[in-house]
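Number of protein chains: 2
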Amino acid sequence: MGKLLIVGSVAFDAIETPFGKTDKILGGAAPFISLAASQFNVESAIVSVVGEDFPQEYLDLFSEKNIDINAIEIVKGEKTFFWKGKYHNDLNSRDTLETQLNVLANFKPVVPENYKNADVVMLGNLNPSVQLSVIAQMETKPKLIVLDTMNFWMDNTLDELMDVIEKVDVITINDEEARQLSGEYSLVKAAEKIHAMGPKYVVIKKGEHGALLFHNGNVFFAPALPLEEVFDPTGAGDTFAGGFTGYLAKTDDYSFENMKRAVIHGSNLASFCVEKFGTRRLKELGPDEVYKRLQQFKALTQFDIEIS
Amino acid sequence: MGKLLIVGSVAFDAIETPFGKTDKILGGAAPFISLAASQFNVESAIVSVVGEDFPQEYLDLFSEKNIDINAIEIVKGEKTFFWKGKYHNDLNSRDTLETQLNVLANFKPVVPENYKNADVVMLGNLNPSVQLSVIAQMETKPKLIVLDTMNFWMDNTLDELMDVIEKVDVITINDEEARQLSGEYSLVKAAEKIHAMGPKYVVIKKGEHGALLFHNGNVFFAPALPLEEVFDPTGAGDTFAGGFTGYLAKTDDYSFENMKRAVIHGSNLASFCVEKFGTRRLKELGPDEVYKRLQQFKALTQFDIEIS
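Below, the structure written as structure tokens:
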């Protein structure tokens, strides 16, 4: 079993969807990633920062799931990163109503000694300079570095972002971001260009339309499970990344064949995430449900045309 | 092997995409459906109508592929149905620039005697009253009736459309049309409501995002093959329907398991259709290419997570 280092924001989210709204609840990339990865009972730690206002019960939640929180810095007298957003009716787009960077503005990540030899490093969506700093602190070369990012960094810190992209094995971005980064409309061509920027594996997330994994001219596709209702899409991409890296770390097998399985596990966990606000569904999620839905995934996609 | 009756428009299309434009070329639902179905060497006939201006070479093309054209009525002194459209840059939407119904305005379909016992009836997108007339002419109950339709008929002839929907086994519509017909945004819920209108099987086409097959609470998904370039999406849905019904008629097996295979075959053939203008790619398509791409489909979607 491999060791998983997770770097990402830990935040308060206030979310409005067509189905309801929440006050400040647990959000940010790292909680979704780590809770998803915890389904695989993998050894993991979060590197992040919160303010003095961050509730102990949230920290306890991570500990209960065996997620190491020693590297979540708590900054006295300051406040936790806060994001407020409202989804449109189709849930495919959203408006950011408020962003308070707070402690995240001066975040200097410190990788704990016992994770400087992590097998898998999951770089959640953050300032590329923070992501670079984490890579630089690793003492042994990780078997796999996975990068998540977004258009904000392409618009504002493209040079630093390109530096990170060059150093990672896998990049996960959504379809529109892949088009922006590559200048190609076709996702096949976009993946080729991004591949040439460094990552051996390119994962393009299409939200409700699933995810594509590209590698060396090969492509694998995992649909999103068709759901009766999507309640809140927040964190689905991070949950996918957590399932993906959690499964890879657990199996310690970084082959393309195993990465296909990791994509399915990531999609499977993401299908739960969207059923309730924030991390609520992931928190309560047990292995039986996960297993059962994996069977649905198999029924959804597997066929038996003989082509020998 | 079953016998396949195809009812649908035979037309001239003039198409403009971001990659080029054509003058009048062969178009309409029936050519795409029948050419796709001909890949399975199935016994098939087209019921349709054209004008005196319709070129003999197009009719010869059908005959060469063993598609029975005796029930394509040629109306002297009149002109063939004409559609002119322009695709937007993302190819996901288009504007209709011109529609000349011509002979299609008074189309009275006549099912040939030797097809009144067809095993599979494929009702291409047409006025629902024409589709109803075809069903009424069948002397033996077909093993499978498949309906394709579109929002135009929902807007203008909903009552007649509901009469057809009640009488068919399978309906194929796109995602927006499924939402319009059912009043449900969730495709899972939309499929349930449409199921209750009559069809035991509901196929929801999502264009570049693949197709969903719903049946009795079960769902199967086939992605569209990720392509370097989509040149012209015209006819992709009809090609899917032709591959779907052609495979089912050939195998004469109408189980859900076999329908999954039919969905894959339909998606596979549709991936060729969009590579050139109109029917050009289908016309030249040979079994080796089809077989090779079927292997790509398998690589794209099949994984081996053990969940016994």
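Chains A and C supply the protein sequences, listed in that same order. Taken in order, the first sequence gives residues 1 to 308; the numbers are from this note's numbering. Taken in order, the second sequence gives residues 1 to 308; the numbers are from this note's numbering. The C-beta atom is built at its ideal place from N, Cα and C for all residues, glycine as well.
Of the other Cβ atoms in all chains shown, 16 or more fall within 10 Å of the Cβ of Glu208(A); this residue is therefore buried.
Nearest to Lys206(C) by alpha-carbon distance, out of Lys200(C), Ile194(C), Pro233(C), is Pro233(C). Per DSSP, Val290(C) is one residue of the alpha helix (DSSP H) stretching across 287–301.
Within its own chain, the residues whose Cβ lies closer than 7 Å to the Cβ of Thr251(C), once the five positions on either side in sequence are excluded, are Asn258, listed in chain order.
Within chain C, the C-beta atoms nearer than 9 Å to that of Ser186(A) come from Pro226, Leu227, Glu228, Glu229, Val230, in chain order. The beta carbon of Gly266(A) lies closer than 6 Å to those of Phe240, Gly243, Phe244 in the same chain, with the five residues before and after it left out. Residues of chain C whose Cβ lies closer than 7 Å to the Cβ of Phe240(A) do not exist; the shortest such Cβ separation is about 15 Å. Pairwise C-beta distances place the stretch 56–65 of chain A in contact with the stretch 31–45 of chain A, as three or more of them are shorter than 8 Å. Using beta-carbon distances, Ala299(A) counts as an interface residue toward chain C, with a partner under 8 Å. Bridge partners of Ala14(A) according to DSSP: Lys84(A). Between Val120(A) and Leu248(A), the CB-CB gap stays under 8 Å. Going by beta carbons, Gly2(C) and Phe81(C) fall outside the 8 Å limit. DSSP, reduced to helix, strand and coil, places Val164(C) within a helical segment of the structure shown.
Using a CB distance below 9 Å, the part of the stretch 258–287 of chain C facing chain A consists of Lys260, Arg261, Val263, Ile264, His265, ordered along the chain. Assigned with DSSP and collapsed to three states, Lys189(C) falls in helix. In this structure the stretch 159–177 of chain A lies against the stretch 134–149 of chain A, because at least three pairs of beta carbons, one per stretch, are closer than 8 Å. The Cβ atoms of Ser182(A) and Ile194(A) lie closer than 8 Å to each other. Shown here, Thr172(C) sits in a strand according to DSSP, grouped into three states. About 6 Å separates the Cβ atoms of Ala45(C) and Pro112(C), confirming a contact at the 8 Å cut-off. Rounded to whole angstroms, Ala236(A) and Lys276(A) show a C-alpha spacing of 11 Å.
Restricted to the stretch 86–163 of chain A, the beta strand (DSSP E) segments that are unbroken, complete and at least 3 residues in length are 94–100, 120–123, 144–148, listed in chain order. By the neighbour-count definition (other C-beta atoms within 10 Å, threshold 16), Tyr291(C) is an exposed residue. The criterion of a C-beta distance shorter than 8 Å is not satisfied by Met122(A) and Met162(A). The continuous beta strand (DSSP E) containing Ile46(A) extends over residues 43–51.
At a cut-off of 8 Å between beta-carbon atoms, Phe152(A) makes no contact with chain C. Bounds of any beta strand (DSSP E) do not take in Phe277(C), whose DSSP letter is neither H nor E. Leu97(C) is a Cβ neighbour of Gly85(C), given a cutoff of 8 Å.
Shown here is that no member of the stretch 53–82 of chain A has a Cβ falling below 9 Å from a Cβ of chain C. DSSP, reduced to helix, strand and coil, places Phe231(A) outside both helices and strands of the structure shown, so it counts as coil. Leu91(A) and Phe40(C) have their C-alpha atoms spaced approximately 41 Å apart.
Residue contact check for Val219(C) against chain A: a CB pair falls below 8 Å.
In the structure shown, Phe19(C) adopts coil according to DSSP, grouped into three states. For Tyr254(C), the three-state secondary structure derived from DSSP is coil. Around Phe303(A), the beta-carbon contacts reaching into chain C at under 7 Å are Lys260, Arg261, Ile264.
Taking 8 Å as the upper bound for CB-CB distance, Leu132(A) and Glu176(A) are not in contact here, some 24 Å apart. Close CB contacts of Phe221(A) within its chain, under the 8 Å cut and outside five residues either way in sequence, are with Gly210, Ala211, Leu212, Leu213 (chain order).
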